[in-house]
Structure formats: structure tokens, C-alpha cells
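In my numbering, the protein residues as written are 56 to 621.
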């Protein structure tokens, strides 16, 4: 028998040991990557265009602003160390932390790619950029009427005014660590507004270096750093090893080594992959939800050892948009402009309770109390909206000029999410009962979101989730100055009395007084049938049992800063 030299045997044993250690180390590292699927895809990671949940999810893991919400929905410092508000509530002075640095990136040429410290001038740059129409911004509406000089800046940059403006006058950075923001008038939720993704900070060097590709190459300051984006396949972030924050025991955060987003469109495939351990989080479809829960909505016993079922309020109202502006493409081709009775007829024709029971499996509640969803400050159950009434729907349809639906050519556009398709089919069947032959058109969700900004659809599935915890955020959707593309009034709704009430409420800091005005606005909006109101959403998701510290807030934004995988 041939004998191996002792040195060769020891060498082989050493190689084997190193391979075992390497594999186990790789497995441990991969085990600390949080993987999540976004079936609707992500359009961009450009902060000034961050008007979709998918984009905000991607940005929220890597970018930050002056302030943020904690888990209890309280405002807390982020990049701002502290701040003062003047007695007249018009001037906010923020003092920045001195230990906040951008992620390393090749855009920082002068420091060989080393991320530099964030300054107050960066915030001034980013606030001005989100108000600059040349940046293709979708966030002008957030600051336009609130920050002093913002409207003048917008008018100059858009060419509407020839009077030269050098930046926004209400934004001042007297030194690197001090940012002063002056408002046009008191605005109680202003700190809440600053938590939005439109208030995130990023370096001008990155915008200049990447140009139009900045939305695919973002640079931030957050707990995770952008690594790569293989469009339609995966988006990868890695742990920011230089992140400034510590937990209460002095341990560095984040605990995860990275975050990976994938873009599988099939909910069934995503759920199977979730069961097999590929994903750590899953939004179940109605079909999946029905399979894994009993009649009371609780997990069946066979699933309890695999994952947890989580429920929580989601401050979102789902509706069908009906374009009412004669100036926008959808208004020119659609039937809803100046046809109140048609809009009301459709509201009475939809049986929301049946949809909630048989389509949504009780994941939500009927939107019959106005645009404000349950759980939102200012929600008023005394406000009465539309309930299913077939006879009234048919009478109004006749008065609208379409007896028994005759002559009404109507197409509903929805995204490619499965629940949207199921919902559309249910409404299609209900409208058929009053003679309306509704056609359905489905497109990629990211495309739907982008196109609705252009006002091209006469009739489409839409939703609005709160950006911050104040009813003004919903009331802004009915302000005529916010008609798309200038703001989030995507249905082109306009009513002078609503405009007057909205502007009056902005002057009032007492919440109870503002709420009375918002109640009036809501009733007018309901009577005008500004939307086809459907339901108030509820967040239901599955989480693997080895995950701790992860949560989704009431604004439907994921928080991975404190997440762990055991």
C-alpha cells in the first residue's frame, strides 16, 4: 500500500479545514442578507422622482433626511442634531451632526472615492433640486407653497418668469452645520413633511458625475450602501460599515450584512420561494392568504412553525381615478369632465362590502367615510360617503346621458399586481349589472405610476398612502394648484370652495380647528365624487421566524436599520 508523506497529508488536512471554514463563513454572511421581493418593480432611485412605494422602499434603506419618525410615529433627530422654531413658527433652524458621511463612491474624485462629510449646503442643494422643474421632479408640491421663495425659484427655472432668481431665498446655510428654513406662513406638519423621501440628502457630485443615470447609481448616508442594480433582476445594498449609530448596548448597527431586492412578478412563485427560504418577507396575495389562514384570518397550524402573520394599520386609501381636467389627455378622451352624475353613479354601483369579503378577504374596510383612512389623525366616522345602491346608480347613469350604460365606452387601467386584476374583474362584473361593459387594460405597475403623472388615463386604479401623519397630506390631493404634473392631484379635481378651505386650514396650527375644516372639505369632495372610493387598506405580511427587529410603519415604509437574522 502506497503511503502519503506526512507533510502532504497535513497540507491536505489544512486545505480541507480552510474550505470548511470558508464555506461556513460564506453561509453565515449570506444568512445575514435580508432578501425581499418587489413584484411591481422599481422605476428609479432618484429622490426627486420618489412618488411610489417601491422607490421609497429602495431609498429608505440608504438615504436619510434632517428628521425621521420612530416606531411610535414620533419625530426624532436624524442628520439634524437638534433644531429651534421661532415664536411666529416661520423660521426653523437646524443644527447638523458632525459625524455624518456619504457612502464611498467614485463620484468623489478629489478624495479618491472616499465619502465626505454632509453639510448644510448639501441640504440647500437638494431642496432646491426637488423644486427645479429641470430635474423632472415630482415633489414641487411639497415645498412650493411652504418655503419662502420656492415659487419664485420654480417660475424662474421653468421660464415662466424672466426675473433672475439665485436659489430659494428661504433656504440659508450660514455655515456647514447650520440650515435655516423660512416658511411663507405657519405650517404645523412641517417637521413631518421633512421626513419624506423628497427631503433626503445626497451629494451634488453624484448628480453631476452620473447625470441621467443618478437614479440608477444613488449615493446616500444611511445604514446600507448601494452596490448594484441589475434592472428587472435584483437590487443589492451592503452594510455601511462606517455608519454612525449604535444600539443601546453600544453595538454597531445595522446588524444585517446587506439587503437584496428581487423583482419576481408572480405572487405564487414568490410565495413558494418564501417558503423555501429565499425571501425573508412576503406580501401574500388573496389566494395565498386564503390558503394559509382559517375563517378568522389566523394562520393554520401547519404554517405556524415557518413564519409569522403580521397585521397593522396602513394609512392608505384605494380608489379608481376619474380624470376631471379638460386640459389633460385623459380628460379630453374620457367621459368624466363636467359629468358629476356619472361619477356618482359609479360610486353607487360598486358593492364595497362584497369586494372586501370575497376579493380582499377582509384585509381592509370600506372607504365610506371620505378620503382619510382609518387610523389617520382626523379620520371621522360621522362623515358619510357612498354605499351600494343599484337603483340609484341606474337612475344617475340615465341622468348622466348613458341609460343602461348605452354609449358609454369605458376602460379601466390597472397595474400588474394580482390583487389589482382580481379587484378590476370584480368591479367589471358589478358594473355589468347596471349595463356598463367595462373593458380592462393591465400594465406594469411602475409604468402605471409614471403615466398617471402625465394625466393620460380617463379611468384607472389608484391609491394614496400617507407621506406623514397629518390629514393635510390627503387634503392636498384636492387642491387645484396640485393638479398633475404640478402635484398629487392626479384626477384633475377642482373646486374653488375646496381650495379656499384648504388654504384657510394651512393658517391654523390648532389641530382640532383644522380638523373641522378638513371635515367640510371631505364632505364636499364626497358629494363631488372626486374619486370612485373603494377601501381603506390594511397591511398584512409574512415574516420568517428567524427575523427580529424588522417592521413596516403606518406609512408602509420598511425599516431594516434594527433588523436581525438569527
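Here a beta-carbon is modelled for each residue, glycine too, at the ideal position from N, C-alpha and C.
Item	Value
Option in 205, 174 and 479 with minimal Cα separation from residue 154	174
Bounding residues of the alpha helix (DSSP H) (the contiguous stretch that carries residue 362)	No alpha helix (DSSP H) holds residue 362; the beta strand (DSSP E) holding it covers 362 to 377.
Spatial distance of residue 230 from residue 197 (CA atoms)	25 Å
Rounded C-alpha distance that separates residue 228 from residue 144	19 Å
Inter-stretch contact (C-beta, 8 Å, three-pair minimum) for the segment 565 to 573 and the segment 587 to 597	no
Same chain only: Cβ atoms within 8 Å of residue 507, ignoring 5 sequence neighbours per side	376, 515, 517, 539 and 545
Backbone secondary structure at residue 578 - three-state DSSP	helix
Of the residues 438, 470, 393 and 413, the one placed nearest residue 350, counting alpha carbons only	413
Integer-rounded CB distance, given that residue 403 should sit under 8 Å from residue 439	Rounded, the Cβ-Cβ distance is 13 Å, inconsistent with contact.
Rounded separation between residue 426 and residue 577 - CA only	7 Å
Run of the beta strand (DSSP E) containing residue 89, from where it starts to where it stops	88 to 92
Contact the segment 292 to 299 vs the segment 317 to 336: 3+ CB pairs below 8 Å	no
Inter-residue spacing [alpha-carbon to alpha-carbon] between residue 289 and residue 282	11 Å
Environment of residue 193 [buried if 16+ CB atoms lie within 10 Å]	buried
Reduced DSSP category for residue 231 - H, G, I as helix; E, B as strand; rest coil	coil
Proximity to residue 520 [Cα-Cα], best of 428, 464 and 489	428
Residue 138 at chain D interface by Cβ criterion, 8 Å	Looking for chain D here will not work: only one protein chain is present.
Residue of 202, 100 and 380 minimising C-alpha distance to residue 271	100
Straight-line gap, residue 125 to residue 617 (C-alpha atoms, nearest Å)	12 Å
For residue 459, three-class secondary structure by DSSP	helix
DSSP beta-bridge partners of residue 130	124
Three-way DSSP call (helix, strand, coil) for residue 531 in this model	helix
Alpha helix (DSSP H) segment containing residue 357, residue limits	No alpha helix (DSSP H) contains residue 357, which DSSP labels as neither H nor E.
Cutoff 7 Å; reference residue 537; Cβ partners in own chain excluding five residues on either side	196, 531, 543 and 544
Separation of residue 136 from residue 309, as counted between CA atoms	20 Å
Straight-line gap, residue 500 to residue 92 (C-alpha atoms, nearest Å)	14 Å
Coil, strand or helix - residue 135 by DSSP	strand
Option in 116, 95 and 104 with minimal Cα separation from residue 89	116
Given 8 Å, three or more beta-carbon pairs between the segment 381 to 401 and the segment 449 to 457	yes
Which of helix, strand or coil DSSP assigns to residue 201	coil
Buried/exposed call for residue 555, threshold 16 Cβ in 10 Å	exposed
Close Cβ partners of residue 613 (< 7 Å) along its chain, the five nearest in sequence each way excluded	112, 115 and 607
Where residue 558 sits in the DSSP three-state scheme	helix
Exposure label - residue 129; buried when at least 16 CB within 10 Å	exposed
Residues near residue 22 in its chain [Cβ-Cβ closer than 7 Å; skip 5 each side]	With the chain running from 56 to 621 in the structure shown, residue 22 is simply not present.
Beta-carbon gap between residue 483 and residue 465 smaller than 8 Å	no
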